[in-house]
Amino acid sequence: VIGAAKLEGRRHGNVKLNRVLECSDREPLPATSDVSTDALVSVKDLHKSFGRRQVLRGLNFSVPRGRAIAFWGGNGAGKSTTIKCILGLLNFSGSIRVGGLDVIRQGKRARRLLGYVPQELSFYPDWTVRRTMDFCARVKRVSSDEVQRLLTEVGLETHAAKKVSELSGGMKQRLGLAVALLGNPPVLLLDEFTSNLDAEAREALIALLARQRSKGLTILFATHRMDEVEALADEVLFMEQGQVLRRCTVAEMKRAAVSGRTLKISLSANQLEQASTLLGTAGHKCRRAGENLLVEVNGHGAVAPLELLWERHIQIRELDLIHRSETADDKHLFSNA
2 VIGAAKLEGR RHGNVKLNRV LECSDREPLP ATSDVSTDAL VSVKDLHKSF GRRQVLRGLN
62 FSVPRGRAIA FWGGNGAGKS TTIKCILGLL NFSGSIRVGG LDVIRQGKRA RRLLGYVPQE
122 LSFYPDWTVR RTMDFCARVK RVSSDEVQRL LTEVGLETHA AKKVSELSGG MKQRLGLAVA
182 LLGNPPVLLL DEFTSNLDAE AREALIALLA RQRSKGLTIL FATHRMDEVE ALADEVLFME
242 QGQVLRRCTV AEMKRAAVSG RTLKISLSAN QLEQASTLLG TAGHKCRRAG ENLLVEVNGH
302 GAVAPLELLW ERHIQIRELD LIHRSETADD KHLFSNA
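When we follow the numbering used here, the leftmost residue of the sequence shown carries the number 2, and every step to the right adds one.
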């Protein structure tokens, strides 16, 4: 966590490293009964800019206890910035509460409710797995028994004597997860946690996280991979240009991913032709309607054309799913933006 804060400091120059270090305070974790059961995480009117560049534009969402929420979108959508604001690593305007605690005014207590696995882990390479865990456990005032339990839980008990530099990418992510779970925080934040892993390591880590989720852990994770969303999430927040375009359950998303529907995508005028050509070349039937593209949802589902546009950095302004039949179920699955 300290390494992640240093990395963000180099990138943006305004990270408050002391906020991350506050986890070493002797004040105990809030008791479970003291944590709000209404919305474990609440974000209201969240804005964030880096200089003149506005990254988050009035985000509003809440996360009940025990739910897994995916922030899904392309590069620059604001997913990672949202997570760092929840952690208190970045200054922002608006309101963020974790367990009813304001992350600015009550930051020390709020951050005790959070575990965090960054996209880029930064551990001392010459330290062993066990030494790394023991150090982090002392910082968090956690017993050595919990260290051993977590090493076993994430499958690193037989690698405890290895140096961090000797670990594979998947093992390093497991170590990062074990560190994040020290102290039994009720909320886990994950930022593109499988981006540097091969397929086998990715599947193993997702299975490990699914087991943690089954224990009632609340998970918020940033991803651009739909397989991770389907495996872990209860709900999806479709993000673009610092805004939430849609929020739906994974079940609703899967219902939408069938034929007989049209995806209405609003784009800027100077990107319409590029997007139309790109989707047409990929085999998607689409036509222009003003500043919108109407894309027929085929066997690839409603997600495939969106992933294709995000991969090419084509910015989506609005998004809607239109149903072509007349039945009662054929009203919009997604509310209007």
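The C-beta atom is built at its ideal place from N, Cα and C for all residues, glycine as well.
What you are looking at is a predicted structure, and each value in this text was computed from that prediction instead of being measured.
Span of the beta strand (DSSP E), counted from its first residue to its last, around residue i
i    : result
Q272 : No beta strand (DSSP E) holds Q272; DSSP gives it neither H nor E.
I207 : Not the beta strand (DSSP E): I207 falls in the alpha helix (DSSP H), residues 200 to 215.
V1   : Shown here, the chain extends from 2 to 338; a query on residue 1 therefore has no answer.
V44  : 42 to 51
V237 : 236 to 241
Contact set for residue i: own chain, Cβ-Cβ below 8 Å, skip 5 residues either direction
i   : result
S81 : Q120, D192, E193, A223
Span of the alpha helix (DSSP H), counted from its first residue to its last, around residue i
i    : result
D192 : Counting along the chain, D192 falls outside any alpha helix (DSSP H), though it belongs to the beta strand (DSSP E) covering 188 to 192.
R139 : 130 to 140
L60  : No alpha helix (DSSP H) holds L60; the beta strand (DSSP E) holding it covers 54 to 64.
L310 : 304 to 312
6 Å CB neighbourhood of residue i in its chain, flanking five on each side removed
i    : result
R58  : G243, Q244
S94  : H48
G79  : V56, L57, M240, G243
L221 : I70, L190
Exposure of residue i, with buried meaning 16 or more beta-carbon neighbours within 10 Å
i    : result
R53  : exposed
L22  : Unreliable placement is indicated for L22, whose pLDDT of 40 sits below 50; no coordinate value is reported for it.
G171 : buried
T278 : exposed
G284 : exposed
G75  : buried
A138 : buried
K85  : buried
A270 : exposed
A252 : exposed
S25  : For S25, the predicted structure reports a pLDDT of 43, less than 50, and the residue's modelled location is therefore unreliable. The matter cannot be settled from this model.
E274 : exposed
T282 : exposed
P187 : buried
A181 : buried
A200 : exposed
A234 : buried
T83  : buried
T153 : exposed
Secondary structure of residue i, DSSP reduced to three states
i    : result
S145 : helix
E167 : helix
I84  : helix
A71  : strand
A343 : One cannot answer for residue 343 here, as it falls past the ends of the chain, which runs 2 to 338.
K255 : helix
Q174 : helix
S25  : Model confidence at S25 stands at a pLDDT of 43, short of 50, so the residue's coordinates are unreliable; what they give is reported in the following sentence. Reduced to three states, the DSSP call for S25 is helix.
A223 : strand
G116 : strand
R318 : strand
D228 : helix
V298 : strand
V99  : strand
L157 : coil
R106 : coil
S196 : coil
S277 : helix
L218 : coil
Whole-angstrom distance between residue j and residue i, CA atom to CA atom
i    : j    : result
D321 : E312 : 20 Å
F124 : T133 : 8 Å
S63  : A40  : 6 Å
D330 : R248 : Here D330 scores only 36 on pLDDT, less than 50, and its place in the model is too uncertain to base an answer on.
C287 : L280 : 7 Å
L90  : K49  : 12 Å
K380 : E167 : Outside the shown range of the chain (2 to 338) lies residue 380, about which nothing can therefore be said.
L238 : P306 : 17 Å
L218 : R289 : 44 Å
V230 : W73  : 8 Å
L183 : E297 : 47 Å
Q213 : E319 : 34 Å
R150 : L210 : 16 Å
A205 : V104 : 32 Å
Q1   : I97  : For residue 1 there is no data in the structure shown, the boundaries of the chain being 2 and 338.
I87  : G101 : 13 Å
G67  : G291 : 42 Å
I207 : K265 : 32 Å
H225 : V118 : 16 Å
Residues near residue i by beta carbon distance below 7 Å, same chain, minus five either side
i    : result
A276 : L268, L294, L310, I315
A162 : T129, R131
S196 : Q120
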